[in-house]
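Numbering (the numbering used here), first residue to last: 805 to 1255.
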């Protein structure tokens, strides 16, 4: 038999899940967990306000794609975490928030630093738990990690009363390696939600529409912002010549230097990207919500385009715009099927697997000309501006080159922004070349995110 306190169980399972760093602030209701953390190999980052702990966890998760952990005490500590948790929910970031709670016997008595953390967090988390027995932790911790990354990722909160942290329990064995690796398994093997028998006809219908299009646009969002999805999308572009535009959260999926990439679309997007969407006769959207900042007046958004939609969240399909064909699955699963079908169609027609079926180079060249003309104006010096002044757009664009001259690898730079004008300039002009290189608060737009 194994004997352990609730706090020992939590730390042991966090270590088993591969957590190396947590961020937070200690307080009365979570001190037992901090005492155990002090005996652990897990590094702790002490912040000055709990919201920062949530954003640090987000930074670790956004840059790696893996779940990250933040902690806070009960009452005001947990409540300070809520904005960062809501931000993670809005941008689909898998973080685990562990909060202390007053002793079980005091819950509901308006005790010192008591707040209904479970109730307050319920609308802004993917899942929220209140632990009443230390033995529940043996399943709750692995479950939290699995839920955070399954399907559409998001934050999970675990609220743990102080007496549950200190209580000693006995049990037969620790969770199996399979249970502890469930988060990693889920992360690398997300399934199709669309029924298997429907996938073939949908892929065929999508390819039919793609081949008929003369002005196609690939609209990419945060749901595609992973290394694997990026690889598959760029392979797809090797078989199909389409203009690429992104949402704020989709920056980096296709390298900025790509001839197909015309930048961010929407209110703060490039003129060329918005022109592409307006003139398109087909839009293949993946991992996007058709957010109002990207679409503007929805009745006038891509007015002549057939919509194809790929998203892991079935609730996003047909929510804003009706789609002719849709797949509920990960982008990294869908694009290889599209590429395979395009390759098969081309092979049957010409005996070649690598040629692009139907060149749309005139469409790309037209947009490239518009992009170059408008960007040169934005990056140039306006009349009446002193020569010694700095154009912030050009300054941001030139950061990688300056880093290179300083002997740094620009590819290793991770850009974080706060919220405001500098955020939009960075999104527009920083030459992001790979996924997870540009970290920003998108849907909620929370000031204080960057630091």
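All C-beta atoms, glycine included, are put in the ideal place defined by N, C-alpha and C.
Everything numeric in this text was worked out from a predicted model, so none of it was measured.
Opening and closing residue of the beta strand (DSSP E) in which residue i lies
i, result
"residue 883", "Segment 880 to 894 is the alpha helix (DSSP H) holding residue 883; no beta strand (DSSP E) there."
"residue 808", "806 to 809"
"residue 953", "Here residue 953 belongs to no beta strand (DSSP E); instead the alpha helix (DSSP H) covers 941 to 953."
"residue 1021", "1020 to 1024"
"residue 1129", "1129 to 1132"
"residue 1113", "1110 to 1115"
"residue 1226", "Taken as a continuous stretch (DSSP letters only), residue 1226 belongs to no beta strand (DSSP E), being part of the alpha helix (DSSP H) at 1225 to 1233."
"residue 1255", "Taken as a continuous stretch (DSSP letters only), residue 1255 belongs to no beta strand (DSSP E), as it is neither H nor E."
"residue 873", "872 to 876"
"residue 826", "825 to 828"
"residue 859", "Residue 859 -> not in any beta strand (DSSP E); alpha helix (DSSP H) instead, spanning 854 to 868."
"residue 1263", "Within the shown structure, residues of the chain are numbered from 805 to 1255, placing residue 1263 beyond reach of any answer."
Spatial distance of residue i from residue j (CA atoms)
i, j, result
"residue 1250", "residue 1174", "33 Å"
"residue 1130", "residue 840", "49 Å"
"residue 992", "residue 1068", "Any reading at residue 992 must be qualified, since the residue scores a pLDDT of 48, below 50, and its modelled position is unreliable; the value itself is stated next. Their Cα atoms are separated by approximately 28 Å."
"residue 1245", "residue 910", "37 Å"
"residue 845", "residue 984", "18 Å"
"residue 957", "residue 851", "25 Å"
"residue 949", "residue 900", "7 Å"
"residue 1172", "residue 896", "32 Å"
"residue 836", "residue 1220", "34 Å"
"residue 1049", "residue 1039", "16 Å"
"residue 823", "residue 940", "20 Å"
"residue 860", "residue 886", "14 Å"
"residue 1241", "residue 1217", "7 Å"
"residue 1051", "residue 1070", "8 Å"
"residue 928", "residue 1170", "43 Å"
"residue 1125", "residue 1094", "8 Å"
"residue 1089", "residue 1044", "15 Å"
"residue 842", "residue 943", "23 Å"
"residue 1253", "residue 1227", "11 Å"
"residue 1106", "residue 1081", "5 Å"
"residue 982", "residue 805", "21 Å"
"residue 999", "residue 853", "46 Å"
"residue 1075", "residue 1002", "38 Å"
Proximal residues to residue i (C-beta, below 6 Å), its chain only, five neighbours per side dropped
i, result
"residue 1214", "1204, 1207, 1208"
"residue 1117", "956"
"residue 898", "865, 871, 952, 953, 957"
"residue 1167", "1019"
"residue 882", "876, 903, 921"
"residue 874", "827, 828, 857, 858, 861, 901"
"residue 892", "862, 899, 959"
"residue 1072", "1228"
"residue 969", "810, 811, 836, 837"
"residue 1009", "1129"
Close Cβ partners of residue i (< 7 Å) along its chain, the five nearest in sequence each way excluded
i, result
"residue 833", "877, 878, 904, 905, 906, 917, 966"
"residue 1159", "Residue confidence is low: residue 1159 scores 40 on pLDDT, short of 50, so the model does not pin down where it sits. No coordinate-derived value is stated."
"residue 925", "886, 889, 932, 961"
"residue 1183", "1195, 1197, 1198, 1201"
"residue 1063", "1168, 1172"
"residue 1223", "1245, 1249, 1250, 1251, 1253"
"residue 912", "none"
"residue 1142", "1007, 1010, 1011, 1040"
Cut-off 8 Å between Cβ atoms - residues of its own chain near residue i, not counting five sequence neighbours on either side
i, result
"residue 1013", "1086, 1110, 1112, 1128, 1129"
"residue 1157", "Any reading at residue 1157 is ruled out, since the residue's pLDDT is 45, under 50, leaving its predicted position unreliable."
"residue 1096", "1102"
"residue 1282", "Look at the range of the chain in this structure, 805 to 1255, and you will see that residue 1282 is not part of it."
Residue span of the alpha helix (DSSP H) that contains residue i, given as start and end
i, result
"residue 1064", "Per DSSP, residue 1064 belongs to no alpha helix (DSSP H) and is neither H nor E."
"residue 1173", "1165 to 1183"
"residue 921", "921 to 925"
"residue 841", "835 to 841"
"residue 1258", "Outside the modelled stretch of the chain, which goes from 805 to 1255, sits residue 1258, for which no answer is possible."
Proximity test, residue i beta-carbon vs the ligand NAP heavy atom, cut-off 6 Å
i, result
"residue 1254", "By its list of ligands, the structure shown contains no ligand whatsoever, and the ligand NAP lies outside what it can speak to."
Rounded distance between the beta-carbons of residue j and residue i, thought under 8 Å
i, j, result
"residue 815", "residue 938", "With a Cβ gap of about 13 Å, residue 815 and residue 938 do not count as contacting."
"residue 1145", "residue 1007", "5 Å"
"residue 1066", "residue 1047", "6 Å"
"residue 1138", "residue 1114", "5 Å"
"residue 1041", "residue 1091", "15 Å between Cβ atoms; not a contact."
"residue 1243", "residue 908", "Between residue 908 and residue 1243 the Cβ distance is about 38 Å, and since that is not below 8 Å, they are no contact."
"residue 1247", "residue 894", "4 Å"
Exposure of residue i, with buried meaning 16 or more beta-carbon neighbours within 10 Å
i, result
"residue 880", "exposed"
"residue 809", "buried"
"residue 1058", "buried"
"residue 972", "exposed"
"residue 974", "exposed"
"residue 1194", "exposed"
"residue 1099", "buried"
"residue 1236", "buried"
"residue 1132", "buried"
"residue 1079", "buried"
"residue 1022", "buried"
"residue 1031", "exposed"
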